[in-house]
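Same order as they appear, the protein sequences are chains B and W.
Counting with the working numbering, you get residues 1 to 373 for the letters of the first sequence.
Counting with the working numbering, you get residues 374 to 511 for the letters of the second sequence.
We treat Cβ as the ideally placed atom computed from N, Cα and C, and that holds for glycine.
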Amino acid sequence: MKAGGVAITGVGETPFIRGSDDTVLQMIARAGLDAIADAGLTPADIDGFVVNQYTGHGSDELAHVLGTGERRFAAVADSAGGTATTGHALMLAQLAIEAGLATHVLVPYAIRSTKPGGVYAFHANEPHKAAFEMPVGFFAQPTYFASMANRYAHEFGMTEEELAAVPMTYRAWAALTPGAQKREPMDLDTYRRSPMISTPLRVADCCLTTDGGGAYVVSAVERARDMPHPVVAVQGIGLAFNNWPHGVLFTQKPCTFEFPGEASAQRAYAMAQVGPDDLDLAQIYDGFSISALVQTEMLGLCERGQGPRFYAAGHGMPGGRMPINTSGGHMSGGYVPGINLLIEGVRQLRGQEGQRQVPDGGNSHATTILARN
Amino acid sequence: MGIPIYPVHLEDPKLQGFYDGLAAGELRITADTETGEWVWYPPEIVTGRPDATLEWRTVAPIGSAYTFTTVVRSLLPGDHKAEVPFTVVLFEPDEAPGVRIPGVLVDADGIEPACGMRLRLKPVRAGDHIIAGFAPAQ
Numbered sequence: 001m002k003a004g005g006v007a008i009t010g011v012g013e014t015p016f017i018r019g020s021d022d023t024v025l026q027m028i029a030r031a032g033l034d035a036i037a038d039a040g041l042t043p044a045d046i047d048g049f050v051v052n053q054y055t056g057h058g059s060d061e062l063a064h065v066l067g068t069g070e071r072r073f074a075a076v077a078d079s080a081g082g083t084a085t086t087g088h089a090l091m092l093a094q095l096a097i098e099a100g101l102a103t104h105v106l107v108p109y110a111i112r113s114t115k116p117g118g119v120y121a122f123h124a125n126e127p128h129k130a131a132f133e134m135p136v137g138f139f140a141q142p143t144y145f146a147s148m149a150n151r152y153a154h155e156f157g158m159t160e161e162e163l164a165a166v167p168m169t170y171r172a173w174a175a176l177t178p179g180a181q182k183r184e185p186m187d188l189d190t191y192r193r194s195p196m197i198s199t200p201l202r203v204a205d206c207c208l209t210t211d212g213g214g215a216y217v218v219s220a221v222e223r224a225r226d227m228p229h230p231v232v233a234v235q236g237i238g239l240a241f242n243n244w245p246h247g248v249l250f251t252q253k254p255c256t257f258e259f260p261g262e263a264s265a266q267r268a269y270a271m272a273q274v275g276p277d278d279l280d281l282a283q284i285y286d287g288f289s290i291s292a293l294v295q296t297e298m299l300g301l302c303e304r305g306q307g308p309r310f311y312a313a314g315h316g317m318p319g320g321r322m323p324i325n326t327s328g329g330h331m332s333g334g335y336v337p338g339i340n341l342l343i344e345g346v347r348q349l350r351g352q353e354g355q356r357q358v359p360d361g362g363n364s365h366a367t368t369i370l371a372r373n
Numbered sequence: 374m375g376i377p378i379y380p381v382h383l384e385d386p387k388l389q390g391f392y393d394g395l396a397a398g399e400l401r402i403t404a405d406t407e408t409g410e411w412v413w414y415p416p417e418i419v420t421g422r423p424d425a426t427l428e429w430r431t432v433a434p435i436g437s438a439y440t441f442t443t444v445v446r447s448l449l450p451g452d453h454k455a456e457v458p459f460t461v462v463l464f465e466p467d468e469a470p471g472v473r474i475p476g477v478l479v480d481a482d483g484i485e486p487a488c489g490m491r492l493r494l495k496p497v498r499a500g501d502h503i504i505a506g507f508a509p510a511q
């Protein structure tokens, strides 16, 4: 793949709320049409799709709903969470465009976290969880990630104040973001009043419950120059997988708090020919404070084991040396896995963010590095 | 500290060996019958060896906590308010390094749970069934 060969030319989102009347399909349609209009296109111009298997809606259905043109390319990103929406789908879109299989590829996504059974219901279908974990109460992400946090603290040290600095950082950005779900200020006392779920993680350490959708359009950079917005090119994409499926991921992996983020970051940096010191801001998947903190280290924004100190020093805050999750992330902005972080990165690079605009923005990085071109 | 009450659901009857062990006061995990290596949790297919078979073997019930968490608000399906808080540990048997067995911390009043704490198996009753419990070891 060529660094800077494609651009994100259109982005769209629904409002992020808890308890939407919309179905996933309706949210995808709203976000998709919003992204197409933002790109200055009509639905008939879209000739490629990368869909997400977790939405339950394939490209046949989406093309019909959106009224798009003849599909010359369609693919499914089968990875989970933000890996699919921000890296895997974007990589497939770029490959299709570079191969001449499509001109404008739409990547749509939506989640309905308030569905019956909630977002954790699928864990109960894992035979090993049902047999060995649920009977002893080891169940659902807040508990899994809490056990990771305790192991991390054992290995590297982490105080309550340092852990609290992660959600406090993202909340400070959300306070500047009109569409963020949680905008009320959070200080240490507020954090401590947040209900404990599994020690040491409180409600404030967890991503939000969100019903919402997001979508973006990918086009060749040459075409993007004639489209409405400043060109935001894809400079680097890195994917990495660890081959530990969900049934054993949270218990049997040698180090439970390790993610393949270091490998994906190195691949993205190599493709973009930049390093962490070149970045102006970062959007990091913050399912939980502990996982965001660990990924901050894996991206090279601070030394391994120093994430707690990095956040406690305010480096990710507005005015800090490395602004992180500038629309509040998943913990205060809204949880639409990965895609709203990517969209925020695009908008920052367009220079559209008003009060929370990071000055001199040039690069953004999740597993993807974007640059204004 | 409480004990979570939630049914054991064994989709695959081959997983029963773990609970047969607890009923006998033993800790049993699965090993590859040919290589003798521990394979845990017992998978449908051993990595790269679809014809491999597993057997249940008893290990010494002593080990340490890889990690832990105290659940204050249980997210298990159903109402579990009366059972919280309880502390879950991931127990590593000394004889099977790298194997992690989830269990409830018991007999630990006044003891702060910690990674690396020494533990010994102590199966406990949870409603109408027995689950894996681990107590601080001297």
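Chain-order list of residues whose beta-carbon lies under 6 angstroms from that of B/Q141 (same chain, five-residue window excluded): Cβ contact annotation for B/Q141 (same chain, cutoff 6 angstroms, sequence separation greater than five): none.
Counted within 10 angstroms of its Cβ, other Cβ atoms place B/D187 as buried (16 or more) or exposed: With fewer than 16 Cβ atoms within 10 Å of its Cβ, B/D187 is classed as exposed.
Can you list, in chain order, the residues of the region 248–264 of chain B whose Cβ is nearer than 8 angstroms to any Cβ on chain W? Under the 8 angstroms Cβ criterion, the region 248–264 of chain B contributes V248, T251, Q252, P254, T256.
Take B/G69 and list the residues in its own chain whose beta-carbon comes closer than 8 angstroms to its own, dropping the five residues that flank it on each side. Only residues of its own chain outside the window of five on either side were considered, and among them P43, A44, D45, I46, D47 have a CB closer than 8 angstroms to the CB of B/G69, listed in chain order.
Could you give the uninterrupted runs of the alpha helix (DSSP H) lying entirely in the region 67–117 of chain B, keeping only those of 4 residues or more? Fully enclosed alpha helix (DSSP H) runs of 4 or longer: 89–98.
Going by beta carbon distance, what residues of the same chain come within less than 8 angstroms of B/Q355, once the five residues before and after it are set aside? Excluding positions up to five away in sequence, the list reads L176.
Within this structure, are the beta carbons of W/E428 and W/T443 separated by less than 7 angstroms? No, Cβ-Cβ distance for W/E428 and W/T443 is not below 7 angstroms.
Among B/R71, B/E184, B/D38, which residue has its Cα nearest to the Cα of B/P230? The shortest C-alpha separation from B/P230 is found at B/D38.
Strictly below 8 angstroms CB to CB, what residues from chain W border B/M196? Chain W residues near B/M196: V445, R446.
Alpha carbon to alpha carbon, how far is B/Y335 from B/G12? Give it in angstroms, no decimals. Spanning the two alpha carbons is a distance of roughly 15 angstroms.
Residue environment, B/T251, which counts as buried when at least 16 other CB atoms sit within 10 Å: Looking at its Cβ environment, which holds 16 or more other Cβ atoms inside 10 Å, B/T251 is buried.
At least one CB of chain B closer than 7 angstroms to the CB of W/E468: is that the case? Taking Cβ atoms only, chain B never reaches closer than 7 angstroms to W/E468, which makes this a no.
At a Cβ threshold of 7 angstroms, is B/G354 touching chain W? The beta carbon of B/G354 does not come within 7 angstroms of any beta carbon belonging to chain W, so the residue lies off that interface.
How would you list, in chain order, the residues of chain W whose beta-carbon sits under 8 angstroms from the beta-carbon of B/R151? Counting only Cβ-Cβ distances below 8 angstroms, B/R151 has contacts in chain W at Y439, T440, C488, in chain order.
Please list the residues of the region 32–50 of chain B that have a C-beta atom closer than 8 angstroms to any C-beta atom in chain W, keeping them in chain order. Those would be none; no residue qualifies.
Are the CB atoms of B/S332 and B/A180 within a distance shorter than 7 angstroms? In this structure, B/A180 lies near B/S332, with their beta-carbon atoms less than 7 angstroms apart.
Within 7 angstroms of any Cβ in chain W, is that where the Cβ of B/E374 sits? In the structure as shown, chain B starts at 1 and stops at 373, and residue 374 of chain B therefore has no counterpart that could be examined.
Residue range of the beta strand (DSSP E) that includes B/F16: Boundaries for B/F16: no beta strand (DSSP E) harbours it, and the DSSP string shows neither H nor E there.
Within chain W, partners of B/S147 - CB distance below 8 angstroms: By Cβ distance, chain W contributes T440, F441, T442, V461, L463.
Check the Cβ-Cβ distances between W/E407 and every residue of chain B, and say whether any is below 7 angstroms. False, the Cβ-Cβ gap to chain B never drops below 7 angstroms.
Is it the case that the Cβ atoms of B/V136 and B/L92 are separated by a distance below 7 angstroms? Contact flag unset, no.
Pull up the distance between the alpha-carbon of B/P254 and that of B/R30, whole angstroms please. Separation of B/P254 and B/R30 (C-alpha to C-alpha, rounded to the nearest whole angstrom) is 42 angstroms.
What would DSSP say about B/R356, mapped onto helix, strand or coil? When secondary structure is reduced to three states using DSSP, B/R356 falls in the helix class.
Given 8 angstroms, three or more beta-carbon pairs between the region 463–470 of chain W and the region 93–106 of chain B: No, the region 463–470 of chain W is not in contact with the region 93–106 of chain B.
DSSP has W/D405 in a bridge; who is on the other side? For W/D405, the pairing in a beta bridge is given by DSSP as W/L427.
In terms of alpha-carbon separation, which member of B/L25, B/P337, B/A35 lies closest to B/P228? Looking only at B/L25, B/P337, B/A35, the smallest Cα-Cα distance to B/P228 is reached by B/A35.
Less than 7 angstroms between the beta carbons of B/T143 and B/S59, yes or no? Going by C-beta atoms, B/T143 is not nearer than 7 angstroms to B/S59.
Name, please, each residue of chain B whose Cβ falls closer than 7 angstroms to the Cβ of W/A385. Note that residue 385 of chain W is Asp in the sequence shown here, rather than Ala. Per Cβ cutoff of 7 angstroms: P127.
Less than 7 angstroms between CB atoms is the rule here; does B/G137 satisfy it with respect to chain W? Closer than 7 angstroms: yes.
Per DSSP, what kind of secondary structure is B/A140 in: helix, strand or coil? Coil, per DSSP.
Comparing the C-beta of W/I402 with each C-beta of chain B, is any distance below 7 angstroms? Judged by the 7 angstroms Cβ criterion, W/I402 is not in contact with chain B.
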